[in-house]
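**Student:**
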Amino acid sequence: AQSVSQHNHHVILSEAASLELGCNYSYGGTVNLFWYVQYPGQHLQLLLKYFSGDPLVKGIKGFEAEFIKSKFSFNLRKPSVQWSDTAEYFCAVTPKRDTGRRALTFGSGTRLQVQP
Amino acid sequence: KAGVTQTPRYLIKTRGQQVTLSCSPISGHRSVSWYQQTPGQGLQFLFEYFSETQRNKGNFPGRFSGRQFSNSRSEMNVSTLELGDSALYLCASSLAGGTAISYEQYFGPGTRLTVT
Chain D
1 AQSVSQHNHH
11 VILSEAASLE
21 LGCNYSYGGT
31 VNLFWYVQYP
41 GQHLQLLLKY
51 FSGDPLVKGI
61 KGFEAEFIKS
71 KFSFNLRKPS
81 VQWSDTAEYF
91 CAVTPKRDTG
101 RRALTFGSGT
111 RLQVQP
Chain A
1001 KAGVTQTPRY
1011 LIKTRGQQVT
1021 LSCSPISGHR
1031 SVSWYQQTPG
1041 QGLQFLFEYF
1051 SETQRNKGNF
1061 PGRFSGRQFS
1071 NSRSEMNVST
1081 LELGDSALYL
1091 CASSLAGGTA
1101 ISYEQYFGPG
1111 TRLTVT
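Just so you know, the protein sequences line up as chains D and A, in that order. Position 62, counted from 1, in the first sequence is what this note's numbering calls 62; the numbers after and before it change by one each time, with no gaps. Position 90, counted from 1, in the second sequence is what this note's numbering calls 1090; the numbers after and before it change by one each time, with no gaps.
1. By DSSP, does A/Y1103 sit in helix, in strand, or in coil?
2. Against chain D, does A/G1084 count as a neighbour if the rule is that its beta carbon must be under 8 Å from one of theirs?
3. Assuming A/E1048 contacts D/R111 (C-beta within less than 8 Å), just tell me the rounded distance between them.
4. Could you pull the start and end residues of the beta strand (DSSP E) that A/Y1010 belongs to?
5. Return helix, strand or coil for A/K1027, following the three-state DSSP convention.
6. Near D/G62, which residues of its chain fall below 6 Å by C-beta distance, leaving aside the five closest residues on each side in sequence?
7. Do A/V1078 and A/F1069 have their beta-carbon atoms positioned less than 8 Å apart in this structure?
8. Hey, out of D/C91, D/A103 and D/P116, whose CA is closest to D/E20's CA?
9. Quick one: complete beta strand (DSSP E) runs, 3+ long, within the region 28–89 of chain D?
10. Would you kindly report the start and end of the unbroken beta strand (DSSP E) that includes D/R102?
11. Apart from the five residues on each side of it in sequence, which residues of its chain come closer than 7 Å, Cβ to Cβ, to D/Y89?
12. Using a Cβ-Cβ cut-off of less than 8 Å, give me the residues of the region 98–113 of chain D that come near chain A, in sequence order.
13. Can you find a C-beta in chain D that's less than 8 Å from the C-beta of A/Q1105?
14. Output needed in chain order: residues of the region 1021–1051 of chain A with a Cβ under 8 Å from some Cβ in chain D.
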């Protein structure tokens, strides 16, 4: 079975600081990778995803993530955070072998607090 | 386009009772997945339905069940409620098929279940 680790549980940054949230997965095969965000009081929403091709993917609101296969990592980055980025961020995977299936395995989440 | 809707939004039940939660997917989405979110265990996959058939199941006891109707609406049922079933239950819908875009899951606001 696959698993996902998010090492930073709570991150506090000042506005304009750069952000990098770590995500590592454990699985013997190839995976699809996702980052979801949950703003206070709002639904989980998809930030970005990686299926194949360019390992550097860009998502909404200026976020990007890089898939490094050799490190089983999919770290989320943003060059300059804003107060509105305060939220909880979840990394998730699905095995590619489960074609058609949608079951996401989530990491434990990282709570990001951006101070004005 | 209307998003994923879940009813009710809040529920309070007593141990031993049963509960039914409802989810209406985005129009045109035929895959519906259910997740449980708790502070201790995080986000965990319960099951996925597609074309009225359970396609995938997570590691939950048989007290948790679900079904999908011909209009893709889904319900989940929890029988003999336990205190540990208190959680936010999230429903997510997605398109059918194996294309990249079909793996994008759209989450509803959740049903907050409290078991006393």
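Backbone N, C-alpha and C fix where the C-beta goes; we use that ideal spot for every residue, glycine too.
**Tutor:** Here's the rundown:
1. For A/Y1103, the secondary structure class from DSSP, reduced to helix, strand or coil, is helix.
2. For A/G1084, the answer is no, since every Cβ of chain D falls outside 8 Å of its Cβ.
3. The pair is not a contact, with the Cβ atoms about 28 Å apart (cut-off 8 Å).
4. A/Y1010 -> beta strand (DSSP E) spans Y1010 to K1013.
5. The amino acid at residue 1027 of chain A is misidentified as Lys; the sequence shows Ser. Looking at A/S1027 - three-state DSSP - the assignment turns out to be coil, as it is neither helix nor strand.
6. K78
7. Taking C-beta atoms as the reference points, A/F1069 and A/V1078 fail to come closer than 8 Å.
8. D/C91
9. Segments of the beta strand (DSSP E) lying fully in the region 28–89 of chain D: 31–38, 44–50, 56–58, 64–68 and 73–78.
10. Following the DSSP letters along the chain, one finds D/R102 in no beta strand (DSSP E), marked with neither H nor E.
11. The residues are L21, W35, V37, L76, G109, T110 and L112.
12. D98, T99, G100, R101, R102, A103, L104, T105, F106, G107, S108 and G109
13. Yes, A/Q1105 counts as interfacial toward chain D.
14. S1031, S1033, Y1035, G1042, L1043, Q1044, F1045, E1048 and F1050
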